[in-house]
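So the structure is just underneath, and the comments pick up after that.
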Amino acid sequence: FINKKFKLCITDFIEAEKFGDSFVLESRVSKEIQKNIHQAVAAAPWWVPVKGAYWRNPEGPDSNLTDRMDHPVLHVSWNDAVEFCKWANKRLPTEAEFEYAMKGGSDDTLYPWGNKLKKGGKFMANLWQGNFPVKNTAKDGYEGTCPVTAFPPNGYGLYNMVGNAWEWTADWWTIRHTKDFQDNPTGPLTGKDKVKKGGSYMCHKSYCYRYRSAARSQNSPDTTASNLGFRCAADSLPEGVKLLKNSKNENKR
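According to the UniProt record's numbering, the sequence shown is numbered sequentially starting from 1.
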C-alpha cells in the first residue's frame, strides 16, 4: 500500500504512534537523532528504536514523506494492516496467495523474472548492494525505499512483489508446511509470529536472502519497522478488471 492512499484513508492512531517509537535502520537516521539513541537490538545492532518514527515520519521527527508519496507505507504492524483491510472491505493475502501472486506465473524460477538477480544486466527489484549493514552502494538507484512502480511488474502485472518493503500475510508462522498439496493452505490456527514475504531494500545475500519467491520470514503481530508494510487482497475483482492466468499450477505450495 502506498503513502498517498494510506494518508487519505487512515483515521486513527497506529501502533507505532501508540508505542511512541519504531525500529529504523541506523544508517537511515540523522546524526542529530542518533545522539539520543542509547540502545539497539542485540542480535541486529543496525536496528535502533527511534522515538516519533511512524508512517508519516519514517526515520523519526526530522523526516517526512516529501517525494515519497508513491513509496510503500512503512511502520505498519500486522494488527494495523488487518484493521485497515477491514475498513477497506478487504483482507491480507494468505502466504500461499502472496507467493502465487509473487511468482507471476513463473513457477520454476528463484525470482519472478528468472534465476539470476539481474535480467539483461538490469536490476529488477530494490535490494541492498554493497556491504550490509555498513554501506548500500545503491547501484539499483535507491538507498532506502523507492516508488512502487520503479521496477517492472511481474507476469501478472503486479509491482513491487520483491524487495522494497516486507509485506504482511494473514498466516501464523510455522517452520514446516505440510507436504500434501492443498488449495490455498492457511497455516496453523494460532502462533506467536505472523509470516511476511517479499524481502526489503535491506535484503542482501550475505544477510537476508529472503527475496526469492519461496522465501519467507516472520515477526510478532505488533512489530513495526522502517522496512515493513502490507498490501490488501480481495475475494472478488473490481468491476472491469480481468483476471490474468498464465501459470500451469494452481495456488498450491
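For each residue, glycine too, the CB sits at the ideal point set by N, CA and C.
Option nearest residue i by Cα separation, candidates the options
{"i": "H182", "options": "P221, A215, T94, V82", "result": "One point to set straight first is that residue 182 is Gln, not His, in the sequence displayed. Measuring from the Cα of Q182, the nearest candidate turns out to be T94."}
{"i": "C208", "options": "G20, P152, W166, A150", "result": "W166"}
{"i": "Y211", "options": "P221, A16, A96, K196", "result": "K196"}
{"i": "T190", "options": "G199, N126, T174", "result": "T174"}
{"i": "S206", "options": "E239, E143, K139, L127", "result": "L127"}
{"i": "P133", "options": "A125, M124, E143", "result": "E143"}
{"i": "K242", "options": "K135, G105, G157, H38", "result": "G157"}
{"i": "K192", "options": "A214, P221, G121", "result": "P221"}
Separation of residue j from residue i, as counted between CA atoms
{"i": "Y159", "j": "M202", "result": "18 Å"}
{"i": "L237", "j": "G155", "result": "18 Å"}
{"i": "K103", "j": "N184", "result": "15 Å"}
{"i": "F230", "j": "P72", "result": "8 Å"}
{"i": "L74", "j": "N227", "result": "6 Å"}
{"i": "T186", "j": "K86", "result": "18 Å"}
{"i": "D171", "j": "A43", "result": "25 Å"}
{"i": "V24", "j": "P49", "result": "6 Å"}
{"i": "D80", "j": "K194", "result": "13 Å"}
{"i": "K248", "j": "T109", "result": "Because the pLDDT of K248 is 45, which lies under 50, any placement of that residue in the model is unreliable, and the question is left without a value."}
{"i": "H38", "j": "E26", "result": "12 Å"}
{"i": "E32", "j": "N115", "result": "42 Å"}
{"i": "K135", "j": "F19", "result": "30 Å"}
{"i": "R216", "j": "G198", "result": "7 Å"}
{"i": "P153", "j": "L117", "result": "15 Å"}
{"i": "P188", "j": "K35", "result": "43 Å"}
Endpoints, the beta strand (DSSP E) within which residue i is located
{"i": "F23", "result": "21-25"}
{"i": "N219", "result": "217-219"}
{"i": "K103", "result": "First-last for K103: 95-103, but that is the alpha helix (DSSP H), not the beta strand (DSSP E)."}
{"i": "K192", "result": "Element bounds for K192: n/a, residue is neither H nor E."}
{"i": "A170", "result": "166-172"}
{"i": "W47", "result": "47-51"}
Where residue i falls, given that 16 or more other Cβ within 10 Å makes a residue buried
{"i": "K4", "result": "exposed"}
{"i": "S77", "result": "buried"}
{"i": "D107", "result": "exposed"}
{"i": "T149", "result": "exposed"}
{"i": "residue 254", "result": "With the chain covering only 1 through 253, there is no way to say anything about residue 254."}
{"i": "V41", "result": "exposed"}
{"i": "A125", "result": "buried"}
{"i": "G163", "result": "buried"}
8 Å CB neighbourhood of residue i in its chain, flanking five on each side removed
{"i": "N64", "result": "R56, N57"}
{"i": "N251", "result": "Reliability of the predicted coordinates at N251 is poor, the pLDDT of 44 falling under 50, and no value is obtained from them."}
{"i": "S22", "result": "A16, P49, V50, A53, Y54, H75, T224, A225, S226"}
{"i": "I2", "result": "M69, D70, H71, P72, V73, V148"}
{"i": "V29", "result": "I37, V48, V50, E59, G60"}
Beta-carbon contacts of residue i that lie in its chain and below 6 Å, excluding the five residues immediately before and after
{"i": "G52", "result": "G60, P61"}
{"i": "G141", "result": "none"}
{"i": "A234", "result": "K90"}
Span of the alpha helix (DSSP H), counted from its first residue to its last, around residue i
{"i": "D80", "result": "78-87"}
{"i": "E32", "result": "31-34"}
Proximal residues to residue i (C-beta, below 7 Å), its chain only, five neighbours per side dropped
{"i": "P147", "result": "D70, H71"}
{"i": "K119", "result": "W113"}
{"i": "T137", "result": "Q129, G130"}
Any chain C beta carbon closer than 8 Å to residue i
{"i": "L110", "result": "Chain labels in this structure do not include chain C; a single protein chain is all it has."}
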